[in-house]
Amino acid sequence: NTAPLDTIKAFIAGKNEPKTAVSDDSIEKFFGVVKRADIDMEKVYKDLLNDGLKQFVTAFEDIMKALK
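Basically this note's numbering = 1-based index in the sequence shown + 51.
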């Protein structure tokens, strides 16, 4: 419900062939590279979740204010 209507129409009109799933081996290799780069994915996930929740709260409060 957040995508502009023109974007949704363009997506539907385009060729949207199903994608094949990423192999387990590719996933393991990717996260191996991430780990060797000393990136803490748990922290990344936590930060993204917290940021998203804060933005949701702000947007929700703005909507509630507008409805009053």
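C-beta: ideal position from N, C-alpha, C; glycine also.
Start-to-end residues for the alpha helix (DSSP H) that takes in residue i
i, result
"A61", "56-64"
"S74", "Here S74 belongs to no alpha helix (DSSP H), and DSSP marks it neither H nor E."
Between the CA atoms of residue j and residue i - distance to the nearest angstrom
i, j, result
"G103", "A64", "30 Å"
"I59", "P69", "17 Å"
"K97", "N67", "32 Å"
"I78", "A110", "34 Å"
"A117", "E93", "36 Å"
"V85", "A61", "34 Å"
"M115", "Q106", "14 Å"
Three-way DSSP call (helix, strand, coil) for residue i in this model
i, result
"I121", "Since the displayed the chain opens at 52 and closes at 119, residue 121 lies outside it and no answer follows."
Sequence-distant residues of the same chain with beta carbon closer than 6 Å to residue i, five excluded per side
i, result
"K119", "none"
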